[in-house]
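If you count by our numbering, then the sequence shown holds residues 1 to 169, one letter each, in order.
In what follows, a single structure is set out as structure tokens and then discussed.
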Amino acid sequence: MAGLQQTNSEMILLSWVRQSTRNYPQVNVTNFTTSWSDGLAFNALLHSHRPDLFDWNAVASQPSPVQRLDHAFNIARQHLGIEKLLDPEDVATACPDKKSILMYVTSLFQVLPQQVTMEAIREVEMLPRHSRVTREEHTEVHEQHFSQEVSFAFLLSSCCSKVVVSLPT
1 MAGLQQTNSE MILLSWVRQS TRNYPQVNVT NFTTSWSDGL AFNALLHSHR
51 PDLFDWNAVA SQPSPVQRLD HAFNIARQHL GIEKLLDPED VATACPDKKS
101 ILMYVTSLFQ VLPQQVTMEA IREVEMLPRH SRVTREEHTE VHEQHFSQEV
151 SFAFLLSSCC SKVVVSLPT
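Written out as structure tokens, the structure reads:
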């Protein structure tokens, strides 16, 4: 979906992730693919909401992305009741599957605190977009986009009634 405008649901989800992981300098989530492949983003997201569950420095210093991903997925399963929907080996790649990452992060969104500030949303709006998309990529993505957007929007809308957007006063 590179080069196409993000859906509002994706923007809110990405804003929530960036806001949640802001205090983790090793983590810079800008998308739902490559930003997750080293396992740090999943762990930072969990740790930001539940620091009691594990030692961040111990996980961040693990040398293998697969180990870090396995750690995050096990913590989410054991303590948050989120099934291990992803295999660490499938995420620790050059370009993990966007739809799979979105679904898993949405599962985390459903069980963790969901306050999102307008500042975080504006920050995501300012992220650079990849603007060069071949005609074939655009056509393929456009055909798949509608069904993915509908299923993702439905899943996210089922939990978004609890989202709180903080407006500056």
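Built from N, CA and C at the ideal position, the CB exists for glycine as well.
Could you check if residue i is buried or exposed, using at least 16 other CB atoms within 10 Å of its CB as the buried criterion?
{"i": "V115", "result": "Looking at the sequence itself, residue 115 is Gln, so the reference to Val does not match. Flag for Q115 reads exposed."}
{"i": "R18", "result": "buried"}
{"i": "P223", "result": "Only positions 1 to 169 of the chain appear in the structure, and residue 223 is not among them; the question remains open."}
{"i": "A58", "result": "exposed"}
{"i": "S9", "result": "buried"}
{"i": "S35", "result": "buried"}
{"i": "L13", "result": "buried"}
Using C-beta distances below 6 Å, list every residue in its chain close to residue i, excluding the 5 sequence neighbours before and after it, in chain order.
{"i": "A76", "result": "I82"}
{"i": "Y24", "result": "A44"}
{"i": "W56", "result": "H47"}
{"i": "Y104", "result": "L85 and L86"}
{"i": "R22", "result": "none"}
For a quick check, are the C-beta atoms of residue i and residue j less than 7 Å apart?
{"i": "A72", "j": "L46", "result": "yes"}
{"i": "T7", "j": "C95", "result": "no"}
Among the options, whose alpha-carbon lies nearest the alpha-carbon of residue i?
{"i": "L86", "options": "T34, R122 and D97", "result": "D97"}
{"i": "P128", "options": "R22, Y24, V29 and N23", "result": "V29"}
{"i": "L108", "options": "T34, V27, N74 and A60", "result": "N74"}
{"i": "A60", "options": "H79, L53, K84 and V27", "result": "V27"}
With a threshold of 8 Å on Cβ separation, who are the neighbours of residue i within its own chain once the five nearest residues in sequence on each side are excluded?
{"i": "M11", "result": "I121, V124 and E125"}
{"i": "H79", "result": "R50 and L53"}
Quick one: residues in its chain with C-beta nearer than 7 Å to the C-beta of residue i, no 5 flanking neighbours on either side, listed in chain order?
{"i": "H49", "result": "S20, L112 and P113"}
{"i": "V66", "result": "P88, E89 and A92"}
{"i": "L69", "result": "G39, F42, P88, V91 and A92"}
{"i": "E140", "result": "Reliability fails at E140, whose pLDDT of 42 lies under 50, so the model's placement of it is uncertain and no value is given."}
{"i": "E54", "result": "The sequence given here has Phe at residue 54, not Glu. Taken in chain order, the residues that qualify are H47 and I75."}
ask   = Is the region 32–41 touching the region 7–23, taking contact as three or more C-beta pairs under 8 Å?
value = Output reads yes: the region 7–23 touches the region 32–41.
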